[in-house]
Structure formats: structure tokens, C-alpha cells
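Heads up, the thing below is written out as C-alpha cells.
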Amino acid sequence: MYTFNSIISLIFNYLMRNLKKIHYKGYDEKKRHIIIYNRLSRSYTFLNLSEIVYDSFIISNISSASASIIGYHYGLHYNEMNMANKANFHGFSLNTKGNYDYYLLSMNRNKNVNIGSISNCFNALNVNPCEIICRKELIEQFHPIQACFIGMLAGIKTSKAG
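Reminder that position 49 of the sequence shown reads as 100 in the working numbering, one-by-one numbering, no gaps.
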């Protein structure tokens with residue numbers, strides 16, 4: 052039986068997860084810019100891939116599916132972006148807080164990820180990141196920063212595969 056406080060908590064968590072302040076609108080392949088819409092200022096912004104990927108505020112405020120798409124685009128161009136931004140690299144933290152059902156545990160040398168579930172903490176699944184980003188209902192259960200990282204891994208795997 053749910054109590055009043057638990058119902059309010061469930062509604063609040065749902066709204067916080069689904070009402071994001073920033074929305075992904077598209078990707079400009081020629082300029083390698085991400086187009087985002089800011090609901091607060093009601094404006095469109097064009098950001099470089101590396102600017103948006105390493106900005107945890109922006110990534111945290113978009114949906115997990117959108118974050119994975121942005122990470123995927125970055126992963127496709129990872130080698131060239133990494134060389135160009137070596138001096139500007141500030142790190143990429145996967146430490147996340149929030150009520151999300153899945154989380155990253157580790158990665159093996161094949162770039163597959165081990166994921167865990169809050170509800171089933173004893174089973175870790177070894178999954179190809181490309182499979183995760185193709186399933187919206189699964190990627191939405193990760194924190195956006197972790198979803199972005201999963202998208203990066205999927206992009207890197209895709210670019211190396213040909």
C-alpha cells in the first residue's frame with residue numbers, strides 16, 4: 052500500500068525526470084554543432100560537440116535519450132575531437148545522483164558495458180552500448196551523464212567497425 056508521501060515522491064520524481072529544461076533539437080554534420088532549445092530563455096543555441104559533452108550542467112538537464120544521441124555523435128568523431136581538445140580537457144565524471152533505475156558498473160576491453168539495476172542489485176548485465184541506445188525505454192532509465200557516455204562508446208564502436 053502506498054502512503055501519501057510515497058505517492059507525492061513518485062509524482063515528483065516522474066516530473067523531474069520528464070520535464071527537462073533543455074531539449075536536443077538536432078545535429079549539424081558540417082559544422083559539428085548540436086542544436087539545443089532552452090525552455091527557460093525560449094531560445095535556440097548552437098554548441099560545438101566538445102562544448103556540450105563536457106558541460107555536465109547541460110547534459111544533466113536534457114533527457115537521457117538525447118544525451119545518448121549527443122554522446123553518439125561525439126563518439127563517431129572521437130579521435131579528431133580528442134586531439135583538438137587535448138588542452139581543454141577537464142575530465143568526464145560518471146558520478147551521478149538521482150533516482151534512475153540503471154547505472155554503469157564497468158566496461159570491458161571490447162567496449163561492452165556492465166550495467167546494474169537498483170531493483171536487482173545481484174545481477175550485472177554485459178551489454179553492447181549500441182543495443183542500449185537503440186532501446187529508448189532502457190536508455191531513459193540511466194542518468195543523462197551516463198547515457199551520454201554510453202552513446203560515446205556506441206559511437207566509438209560504430210566508427211571503428213567501419
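Every residue gets a Cβ at the ideal spot worked out from N, C-alpha and C, and that includes glycine.
On the DSSP bridge assignment, give the partners of ASN99 in chain order.
On the sequence shown, position 48 is the one that residue 99 refers to. Bridge partners of ASN99: HIS84.
Assuming GLY149 and HIS194 form a contact by the criterion Cβ under 8 angstroms, report the distance between their Cβ atoms to the nearest whole angstrom.
The count along the sequence shown starts at 1 and reaches residue 149 at position 98. The count along the sequence shown starts at 1 and reaches residue 194 at position 143. Yes, they are in contact, since the Cβ atoms of GLY149 and HIS194 sit about 5 angstroms apart, within 8 angstroms.
What three-state label does DSSP hand TYR105 in the structure shown?
In the sequence shown, residue 105 corresponds to position 54, counting from 1. In the structure shown, TYR105 sits in coil (DSSP, three-state: anything other than H, G, I, E or B).
Check GLY202 in the structure and name its three-state DSSP category.
Numbered from its first residue, the sequence shown carries residue 202 at position 151. Three-state DSSP puts GLY202 in a helix.
Would ASN165 and LEU156 qualify as a contact pair, given that the criterion is a beta-carbon distance under 7 angstroms?
Position 114 of the sequence shown, counting from 1, holds the residue named residue 165. Position 105 of the sequence shown, counting from 1, holds the residue named residue 156. Closer than 7 angstroms, so yes.
Please classify TYR75 as buried or exposed, where buried requires at least 16 neighbouring CB atoms within 10 angstroms.
Numbered from 1 along the sequence shown, position 24 holds the residue referred to as residue 75. Under this definition TYR75 is a buried residue.
How about the segment 175 to 188 and the segment 90 to 108: do they share at least three Cβ pairs that are nearer than 8 angstroms?
No: the two stretches stay apart, fewer than three of their Cβ pairs being nearer than 8 angstroms.
Indicate whether THR91 and LYS72 have their beta-carbon atoms separated by less than 7 angstroms.
For the purposes of this step, residue 91 is taken as residue 40 along the sequence shown, with counting starting at 1. For the purposes of this step, residue 72 is taken as residue 21 along the sequence shown, with counting starting at 1. Per the sequence shown, residue 91 should be read as Leu rather than Thr. Yes; because the gap between Cβ atoms is below 7 angstroms, this pair is in contact.
So, for LEU208: in the same chain, excluding its five sequence neighbours on each side, which residues have a beta-carbon less than 7 angstroms away from its beta-carbon?
In the sequence shown, residue 208 corresponds to position 157, counting from 1. In the sequence as presented, Leu is not what sits at residue 208; that position holds Lys. These residues qualify, in order along the chain: LYS162, PRO180 and CYS181.
Within 10 Å of its beta-carbon, does ILE110 have 16 or more other beta-carbons around it, so buried, or fewer, so exposed?
On the sequence shown, position 59 is the one that residue 110 refers to. Per the 10 Å Cβ criterion, buried.
Between which two residues does the beta strand (DSSP E) holding LYS76 run?
For the purposes of this step, residue 76 is taken as residue 25 along the sequence shown, with counting starting at 1. Looking at the DSSP string, the run of the beta strand (DSSP E) that includes LYS76 is 73 to 79.
So what does DSSP say about SER170, is it helix, strand or coil?
The residue given as residue 170 occupies position 119 in the sequence shown. If DSSP states are grouped into helix, strand and coil, SER170 belongs with coil.
Ignore the nearest five residues each way along the sequence and tell me which others in TYR125's own chain have a CB closer than 7 angstroms to its CB.
In the sequence shown, counting from the first residue as 1, residue 125 sits at position 74. Here the set comprises LEU100, VAL104, MET132, MET203 and GLY206.
For a test of the three-state rule: what should DSSP assign to ALA138, helix, strand or coil?
Locating residue 138 in the sequence shown gives position 87, counting from the first residue. Confidence at ALA138 is low in this model, with a pLDDT of 47, below 50, so its placement is unreliable and the value that follows should be read with caution. ALA138 falls in the helix class under three-state DSSP.
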